[in-house]
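Undergrad: Those letters in the sequence shown? Residues 626 to 755, per our numbering, in order. Backbone N, C-alpha and C define an ideal beta-carbon position, used for all residues, glycine too. Below is a structure I'd like to ask you about.
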Amino acid sequence: MKNRGIVSLATVLVITLFLLSVSILMGIQSGTSVFTGFSERTAEVAQALAETGIQDATLKLARNKDYAGSYTLTESDGSTTDISVTQGNPVVVVATSTVAKPLGTIKRSLRASITIDSNGVITTISKNNQ
Numbered sequence: 626m627k628n629r630g631i632v633s634l635a636t637v638l639v640i641t642l643f644l645l646s647v648s649i650l651m652g653i654q655s656g657t658s659v660f661t662g663f664s665e666r667t668a669e670v671a672q673a674l675a676e677t678g679i680q681d682a683t684l685k686l687a688r689n690k691d692y693a694g695s696y697t698l699t700e701s702d703g704s705t706t707d708i709s710v711t712q713g714n715p716v717v718v719v720a721t722s723t724v725a726k727p728l729g730t731i732k733r734s735l736r737a738s739i740t741i742d743s744n745g746v747i748t749t750i751s752k753n754n755q
């Protein structure tokens, strides 16, 4: 009878350790999922800010086809978008956004080639990620 109790106790301990291990692994996995979701959301914000930078520079060019220069847009949360406009044929605009959060910093950069006709009308805009 004593051996039966010891076997039962050993079985319960093994099952308990197994369940504890599974619980710990599930906790680690869910933490990783939360971080991945955070990174994806931050990357989406960074991409949107870079797009906004391209749009802002396009507006400046629509008002003044000869505009050239660099400037920075700063959001209320401290995120920034650095924008550079270089005259040429086509005009090249580069917008690089930086979103800093407690879990990390994400950067996104877009490059746009903008064609402007002799009357100052924007005829084409092509964008790509850098």
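By DSSP's criteria, L684 is part of a beta bridge. Which residues make up the other side?
TA: For the purposes of this step, residue 684 is identified with residue 59 of the sequence shown, where counting begins at 1. In the DSSP output, where bridge partners are listed per residue, L684 has none listed.
Undergrad: Go to G694, then tell me how far its beta strand (DSSP E) extends in each direction, as first and last residue.
TA: Here the question's residue 694 lines up with position 69 in the sequence shown. That run of the beta strand (DSSP E) goes 694 to 699.
Undergrad: Could you check the C-alpha separation between Q755 and Y696 for me, to the nearest Å?
TA: Taking the sequence shown and counting its residues from 1, one reaches residue 755 at position 130. Taking the sequence shown and counting its residues from 1, one reaches residue 696 at position 71. Taking the straight line from one Cα to the other gives about 19 Å.
Undergrad: What number of angstroms, rounded off, separates the C-alpha of T711 from the C-alpha of L684?
TA: Numbered from 1 along the sequence shown, position 86 holds the residue referred to as residue 711. Numbered from 1 along the sequence shown, position 59 holds the residue referred to as residue 684. Using only the alpha carbons, I get a separation of about 15 Å.
Undergrad: If you reduce the DSSP assignment to three classes, tell me which class S646 lands in.
TA: Locating residue 646 in the sequence shown gives position 21, counting from the first residue. Residue state, collapsed to three classes: helix.
Undergrad: To the nearest angstrom, report how far apart L735 and G713 are at their CA atoms.
TA: Start at 1 with the first residue of the sequence shown, and residue 735 comes out as number 110. Start at 1 with the first residue of the sequence shown, and residue 713 comes out as number 88. Taking the straight line joining both Cα atoms gives about 18 Å.
Undergrad: Please state the DSSP three-state secondary structure of L735.
TA: Taking the first residue of the sequence shown as position 1, residue 735 is located at position 110. Note: L735 maps to strand in three-state DSSP.
Undergrad: Taking all protein chains shown into account, decide if V718 is buried (16 or more other Cβ within 10 angstroms of its Cβ) or exposed.
TA: Locating residue 718 in the sequence shown gives position 93, where the first residue counts as 1. Buried is the call here.
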